[in-house]
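Numbering (our numbering), first residue to last: 42 to 157.
C-beta: ideal position from N, C-alpha, C; glycine also.
To keep things clear, I will list the structure first and then write my remarks on it.
Here it is in structure tokens:
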């Protein structure tokens, strides 16, 4: 799942409520991300042994490893204030799914989304 600004890119198996419209599904994802506390993420979060209670109802059951990588923006180089623009959320049904090499690659991808 990629969330940047007001844009969402959702791929893979997720478990939203059944029989809801596409608009309602987007709103459901946004509310779940807000509830999980990952909307204003400033540092990466890696749960190599994930527990279903850590991110609420956002992820389907059976997820064993989660990585949330923020997309940050520093619009003014003279100002050290960093703003969270969004995040990349990856989930796996394998424990310890993301090695340091994977996390560096995902961080690099997140940096490509930085807004200037």
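*asked:* Here's a check: name, in chain order, each residue in its chain whose Cβ is nearer than 6 Å to the Cβ of residue 151, leaving out the five neighbours to either side.
replied: 110, 112, 129
_Sequence-distant residues of the same chain with beta carbon closer than 8 Å to residue 103, five excluded per side_ = 134
*Distance between residue 77 and residue 125 (C-alpha atoms, nearest Å)*: 15 Å
*If we count the other Cβ atoms within 10 Å of its Cβ and call it buried at 16 or more, is residue 65 buried or exposed?*
exposed
*Is the Cβ-Cβ distance between residue 90 and residue 105 less than 8 Å?*
yes
_Nearest candidate by alpha-carbon position, reference residue 131, set 121, 120, 123, 101_ = 101
*Quick one: give me the first and last residue of the beta strand (DSSP E) that residue 150 is part of.*
Not the beta strand (DSSP E): residue 150 falls in the alpha helix (DSSP H), residues 141–153.
*Rounded to a whole number of angstroms, what is the C-alpha to C-alpha distance between residue 62 and residue 154?*
28 Å
*Might you give, ordered along the chain, the residues of its own chain that have their beta carbon closer than 6 Å to the beta carbon of residue 114, omitting 5 neighbours on each side?*
124, 126, 155, 156
*Nearest-angstrom Cα distance between residue 141 and residue 80?*
23 Å
*Beta-carbon proximity of residue 70 to residue 51, cut-off 8 Å*: yes
*Can you grab the Cα-Cα spacing for the pair residue 86 / residue 119, in whole Å?*
27 Å
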